[in-house]
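The block underneath contains the structure these notes are about, expressed in structure tokens.
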Amino acid sequence: MHRTHRVVALALLLAFALAGCRREAEVPGAAADGSPSTPQAAQDAATATAGPVRLEDVMESDPRYILGISYPPGMERYPGLAAELKRYADAARGDLMEAVEAHDPAAGSAGVPYDLTLAYEVLMDTPTVVAVQAWGTLYTGGAHGNPLVARFVWLPQRDEMLRAEALIADQGGWDEISAFVRDALHAALSQRLDADAVEPADRAKLMGSGSRMIDDGTTPEPGNFAQFEPVPGDGGRLRALRFVFPPYQVGPYSDGMQTVEVPASVLLPHLAPEYRDLFAAG
């Protein structure tokens, strides 16, 4: 599995090199989920006072590690968003280099090179909502790398990041979102087991263990729903949010990333007033 991962890493590094040559002409001047570890209030304050952020693609390698980070062009026009993207990448890079420095030279080449591949992609770019996804893998030993999964939803007119804890105004909203998501994930799990034609006894065990992971990973609190992306609708408004769950949160690594689309009709009764205009009412 790790050999395949390294091939993917090298392919991504080559893609970053080609994209980087083009991006340097377009952009002035350049996180274990890789998320910043400082409190959110401190992060927001630092973003507000920080100067312009330069997002430059990164390619590095030596016998100990391979590193590739690719940013989308043009995000510097949203300084707060650019700062968040760079902070996430810097955190992932810091985790990689910490593992590199901790590697025992006496172990020789066993388990190395470590590697980090991280790419950003713009999912939506409108006057009201800009959404960026981060995807990649951080390998610092073991059977496989740790997946990097993150979403960033920026509101240009408000000059702020849309965050789960501010989006929903009441606990009843999280209760309803949690129930909706759980039902969808349980149904998806059942369908996967049916498609795999699992024996009845094994199916019952897998359904039980899978359901427990789903329930544990979707308790009704903002932290479990921090990763989401907007789903555009008519008239420039959003018809839904797609909540994103990295491997291990609601299923084993083999299940990969899972998503559930929650329609505006479920969200609207519980949205904080300042965000209701973002969503379609139908």
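In mature numbering (1 follows the signal peptide of the UniProt record, and there is no 0), the protein residues as written are -19 to -1, 1 to 263.
For each residue, glycine too, the CB sits at the ideal point set by N, CA and C.
Bear in mind that the values here come from a model prediction, so they are computed numbers and not experimental data.
- In this structure, V231 lies away from L187, with their beta-carbon atoms at least 8 Å apart.
- Comparing alpha-carbon positions, the option among A176, R132, T98 and V81 lying closest to A91 turns out to be V81.
- Per DSSP, S235 is not a residue of any alpha helix (DSSP H), being assigned neither H nor E.
- Under a 10 Å Cβ-count criterion, G49 is classified as buried, with 16 or more other Cβ atoms of the shown protein chains found around its own Cβ.
- By the beta-carbon neighbour count (other beta carbons within 10 angstroms, threshold 16), A147 is exposed.
- Look at D43 here: in three-state DSSP terms it is strand.
- L36 carries a coil assignment under DSSP once its states are collapsed to helix, strand and coil.
- From the listed residues A253, A112 and D164, the smallest Cα separation to Q208 is found for A112.
- In this structure, G117 lies away from L104, with their beta-carbon atoms at least 8 Å apart.
- When the alpha-carbon of L222 is set against those of P108, T200, S246 and M238, the nearest one is in S246.
- Distance check between P228 and each of H125, D164 and F260 places H125 closest, using alpha-carbon atoms only.
- Burial of T199 is indicated by the presence of at least 16 other C-beta atoms within 10 angstroms of its C-beta.
- By the neighbour-count criterion, in which a residue is buried when 16 or more other Cβ atoms sit within 10 angstroms of its Cβ, Q239 is buried.
- Only residues of its own chain outside the window of five on either side were considered, and among them V110, P211, V212, P213, A245, L259, F260 and A261 have a CB closer than 8 Å to the CB of L219, listed in chain order.
- Secondary structure of E242 (DSSP, three-state): strand.
- Secondary structure note for E210: its beta strand (DSSP E) is the uninterrupted segment F209 to P213.
- The Cβ-Cβ distance between R35 and E57 falls below 8 Å.
- According to DSSP, S159 shares a beta bridge with no other residue.
- Ranked by how close their Cα comes to the Cα of S235, the residues G191, Y256 and D196 have G191 in first place.
- Given a length threshold of 3 residues, each whole run of the beta strand (DSSP E) inside the stretch 127 to 211 is given here in chain order: 127 to 136.
- Partner residues in the beta bridge of R223, as assigned by DSSP, are E210 and E242.
- The three-state secondary structure of V113, taken from DSSP, is strand.
- Between the alpha carbons of Q152 and E202 lies a distance of about 8 Å.
- Per DSSP, reduced to three states, the secondary structure at A100 is strand.
- Going by beta carbons, V225 and V162 fall outside the 8 Å limit.
- Around the beta-carbon of A178, fewer than 16 other beta-carbon atoms lie within 10 Å, marking it exposed.
- L77 places its beta carbon less than 8 Å from that of L97.
- Counting along the chain, Y69 sits inside the alpha helix (DSSP H) bounded by residues P60 to A83.
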